[in-house]
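Asks: Below is a structure I'd like to ask you about.
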Amino acid sequence: PGYPVVGTAKEPLLGDAGDDMFFRLRLGLIGLATSVCWNQVMLNAGLWVSLFGKSALSHAGMSQGIMCGVVMFLLTGLPRSLPFAKQLTITVAGFALMIVCTIGLVLALWFRCVPQWLFLLAVAGSGVASGVVQNRGAAISTNFAGGPGAFLLGEASAPLLGVCLFTVVGRFAHDLYTIAAVALSIANCTVAVALLALWQLRGAPHAFDQPPCSTLGTCIANPGPNREYARRRLLELVGNSIVSFAAVFVWVFVLCSSPFIASGICRRGKACSLTLPGLMVSAANLAAFCGRLGGLRFSRARLPLLTIETVLLAGLGCAGVRILVVGSVPLEAMYASPVLFGMAFSGGLTLWCNFILMRNDHNAQSTCGHSVLAPCQLTSQIMWISMQSGAIGGTIISEVW
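Just so it is clear: in the sequence shown, position 349 is 892 by the numbering used here, and no numbers are missing.
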C-alpha cells in the first residue's frame with residue numbers, strides 16, 4: 544500500500560483511521576493550532592501600536608513571515624523523504640517551540656515589561672514553529688482518510704476561534720496587557736492540547752511512511768519520471784502561484800497597514816487610532832473564515848478569470864489603502880463612523896482574498912487530478928511557498944508608510 548506513481552491523476556491510497564470522527568477532530572485541532580497564537584498577536588494590535596508605534600504590525604509580520612517562509616522552503620526542498628515517526632517528532636518539536644515562545648511573551652506581558660527585541664524574538668520563534676507545524680502537519684494528515692480535509696477545516700477555523708477568544712476575554716478585562724496575556728495563554732493551552740493529540744498519532748492504525756517523492760526536493764533529487772513531473776508541475780502552476788502570491792500580498796498588506804489606515808481615517812481621534820487596528824484585524828479574521836468556506840464550495844474555477852479578478856483585487860486594494868492612509872476620504876463618505884468604515888474595508892478585502900485563494904487551490908489541484916480534500920502534496924507545497932512569499936512581500940511593502 545502507498546501512493547500512486549507521481550505524475551498520475553489518481554488519488555493517494557489513504558488509511559482507514561480517519562473514518563473515526565474523534566480521529567478527524569484531533570487532526571482538525573492540529574490544523575487549528577498551527578496559527579491560533581499568531582492570530583492572537585495580530586488581534587492585540589492596539590497594544591503593540593501603543594508600545595512600538597504604527598510600524599509594530601509590519602515589523603512583527605516581517606519577523607514571523609520571513610522565518611516561517613525560510614523553514615517552509617527548507618522542508619519543501621528536503622532531498623529525501625522522512626519516515627512517519629521522524630515527521631511526527633519534528634512536528635511535535637515545532638509545537639513545543641511555539642509553546643515556549645508564547646510563554647516567554649506572556650510572562651513579559653504579566654510583568655508589563657515587553658521590550659521590542661523580546662517581542663520580535665518571540666514572534667520570529669513562533670514563525671519558525673509555524674513553518675514546521677504547517678508544512679509537516681499537512682504532510683502527516685495525508686496519511687489518513689479524511690485527514691487533509693480535517694486539517695484544512697481546522698486551519699480555516701483558526702481566525703474564527705481567535706476572534707471569539709479575543710472578544711470574550713475583552714468582555715472581562717479592559718487592560719490591554721491583561722487581555723493580551725490571557726488570550727495568548729488560552730491560545731497556548733490549545734496548542735498544548737494539539738501537541739498531545741499529535742503525539743497520540745504515533746500509534747495510530749494504518750499510518751505509513753511517505754513515498755519516495757513526497758516533497759519538491761525529493762522529486763528533483765530522483766531522476767526520471769519524478770523529476771520530470773516536478774518540473775512540469777512547477778511550470779503548470781506558474782499562473783496559480785501568481786494568483787496566490789497577489790491575493791495574500793493584498794491581504795497582509797491591508798492588515799499590516801491597519802495602524803496607518805486608522806490614523807488616516809480617525810484623523811485626530813487618539814482612542815480610535817489605537818482601537819481600530821485590532822477591530823480591523825478582527826473583521827478580517829471573520830471574513831477570512833467566511834471567504835475560505837465560501838471558496839471551498841466553488842470547486843470549478845478557471846485560471847484566466849481568477850487572474851483577471853486578482854489583478855482587479857490588487858489594484859483596488861492597494862489604491863484603497865493609499866487613499867485611506869493619506870486621509871483623503873471625507874467623513875461623509877464614511878457615514879461619520881471611521882470604525883465601521885475601517886472594519887468594512889479590511890473585512891471586505893480579506894473576504895475577497897480568501898475567496899480567490901480557495902478557488903485557486905481548487906483549480907491548482909484539479910490540474911493533476913486531485914482536490915483540496917485529497918491533495919497532491921507537491922502542488923500544496925508549491926502553493927504554500929507562493930502564499931508565504933506573498934505574505935512576506937505584503938509586510939515589506941507596508942513599511943513604505
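Glycine residues also receive a C-beta, built at the ideal position from the N, C-alpha and C atoms.
Less than 6 Å between C-beta atoms, sequence neighbours within five positions excluded: which residues of the same chain meet that for Asn828?
Replies: Pro702, Gly705 and Val706
Asks: Is it right to say Val549 is buried, meaning 16 or more other beta carbons lie within 10 angstroms of its own, or is it exposed?
Replies: Low confidence applies to Val549: its pLDDT is 43, below 50, so where it sits in the model is not reliable, and the reading given next is rough at best. So Val549 ends up on the buried side.
Asks: If you run the structure through DSSP and keep just helix, strand and coil, what is Phe687?
Replies: Phe687 falls in the strand class under three-state DSSP.
Asks: Rounded to whole angstroms, what is the Cα-Cα separation between Val614 and Val675?
Replies: Straight-line Cα distance between these residues: approximately 7 Å.
Asks: According to DSSP, simplified to helix, strand and coil, what is Trp660?
Replies: helix
Asks: Could you tell me whether the Cβ atoms of Leu600 and Ser825 are closer together than 8 Å?
Replies: no
Asks: Grouping DSSP H, G and I as helix and E and B as strand, with all else coil, what is Cys911?
Replies: Reduced to three states, the DSSP call for Cys911 is coil.
Asks: Looking at the structure shown, is Ile925 part of a helix, part of a strand, or coil, going by DSSP?
Replies: helix
Asks: Just to confirm my understanding: we take Trp742, look at its own chain, exclude 5 residues before and 5 after, and list those with CB closer than 8 Å. What are they?
Replies: These residues qualify, in order along the chain: Leu631 and Val635.
Asks: Give me the Cα-Cα distance between Ala628 and Leu846, rounded to the nearest whole angstrom.
Replies: 38 Å
Asks: Taking all protein chains shown into account, decide if His602 is buried (16 or more other Cβ within 10 angstroms of its Cβ) or exposed.
Replies: With 16 or more Cβ atoms within 10 Å of its Cβ, His602 is classed as buried.
Asks: Our contact map puts Thr853 next to Ile928 with C-beta atoms below 8 Å; I'd like the distance itself, whole angstroms only.
Replies: Not really, about 17 Å apart at Cβ, beyond 8 Å.
Asks: For the stretch 902-919 against the stretch 782-790, are there 3 or more C-beta pairs whose distance is under 8 Å?
Replies: yes
Asks: Taking only runs that begin and end inside the stretch 796-825, name each unbroken beta strand (DSSP E) of 3 or more residues, in chain order.
Replies: Runs of the beta strand (DSSP E) spanning 3 or more residues and lying entirely within the stretch 796-825 do not occur at all.
Asks: With burial defined as no fewer than 16 other Cβ atoms inside 10 Å of the residue's Cβ, what is the status of Ser941: buried or exposed?
Replies: buried
Asks: Between which two residues does the alpha helix (DSSP H) harbouring Ser842 extend?
Replies: Counting along the chain, Ser842 falls outside any alpha helix (DSSP H), and DSSP gives it neither H nor E.
Asks: Check the C-beta distance from Ala724 over to Gln583 and give it rounded, since I have them as a contact under 8 Å.
Replies: Ala724 to Gln583, Cβ: 10 Å. No contact.
Asks: On a CA-only basis, which of Asn587, Cys611 and Leu894 is nearest Gly668? Give me that one, please.
Replies: The option with the nearest alpha carbon to Gly668 is Cys611.
Asks: Report all residues from its chain with a CB closer than 6 Å to the CB of Ser757; omit the five preceding and five following residues, and keep chain order.
Replies: Ser624 and Gln920
Asks: Note the first and the last residue of the continuous alpha helix (DSSP H) segment covering Glu779.
Replies: Run containing Glu779: Pro768 to Glu779, per the alpha helix (DSSP H) assignment.
Asks: Does DSSP put Phe654 in a helix, in a strand, or in coil?
Replies: DSSP places Phe654 in coil when its eight states are reduced to three.
Asks: Can you give the Cα-Cα distance for Thr551 and Ala773, rounded to whole angstroms?
Replies: Confidence at Thr551 is low in this model, with a pLDDT of 35, below 50, so its placement is unreliable and the value that follows should be read with caution. Each residue's alpha carbon lies about 12 Å from the other.
Asks: Closer than 6 Å by C-beta to Leu590: which residues in its own chain qualify, once you throw out the five before and the five after it? Chain order, please.
Replies: Leu719 and Ala723
Asks: Looking only at C-alpha atoms, which of Ser593, Thr619, Gln931 and Gln677 sits nearest to Val791?
Replies: Gln931
Asks: Taking only three categories from DSSP, how would you classify Lys952?
Replies: The first residue shown for the chain is 544 and the last is 944, placing residue 952 beyond what the model contains.
Asks: Going by beta carbon distance, what residues of the same chain come within less than 7 Å of Cys644, once the five residues before and after it are set aside?
Replies: Ala665, Gly668, Ser669 and Ala672
Asks: Quick one: give me the first and last residue of the alpha helix (DSSP H) that Thr577 is part of.
Replies: Neither: Thr577 is in no alpha helix (DSSP H) and is coded neither H nor E.
Asks: Can Ala639 and Ala737 be called in contact, C-beta distance under 8 Å?
Replies: If you check the CB distance, Ala639 and Ala737 do not come in under 8 Å.
Asks: Do three or more CB pairs link the stretch 878-889 to the stretch 794-813 at distances below 8 Å?
Replies: yes
Asks: Tell me where the alpha helix (DSSP H) around Leu759 begins and ends.
Replies: Here the alpha helix (DSSP H) through Leu759 covers Leu759 to Ala764.
Asks: Closer than 7 Å by C-beta to Arg902: which residues in its own chain qualify, once you throw out the five before and the five after it? Chain order, please.
Replies: Gly838, Phe841, Ala844 and Leu849
Asks: Leu741 lies in the alpha helix (DSSP H); which residues open and close that run?
Replies: Leu719 to Trp742
Asks: For Ala560, does the three-state DSSP call read helix, strand or coil?
Replies: Below a pLDDT of 50, predicted positions are generally treated as unreliable, and Ala560, at 42, falls in that range; no measurement from the model is reported.
Asks: Between Gly891 and the rest of its own chain, which residues show a CB-CB distance below 8 Å, the 5 nearest in sequence each way excluded?
Replies: Ala830
Asks: Thinking C-alpha only, which one of Pro820, Gly647 and Arg655 is nearest Gly596?
Replies: Pro820
Asks: Just tell me which of Leu859, Arg569, Gly858 and Cys911 has its CA closest to the CA of Leu696.
Replies: Taking only the C-alpha atoms, the option nearest Leu696 is Arg569.
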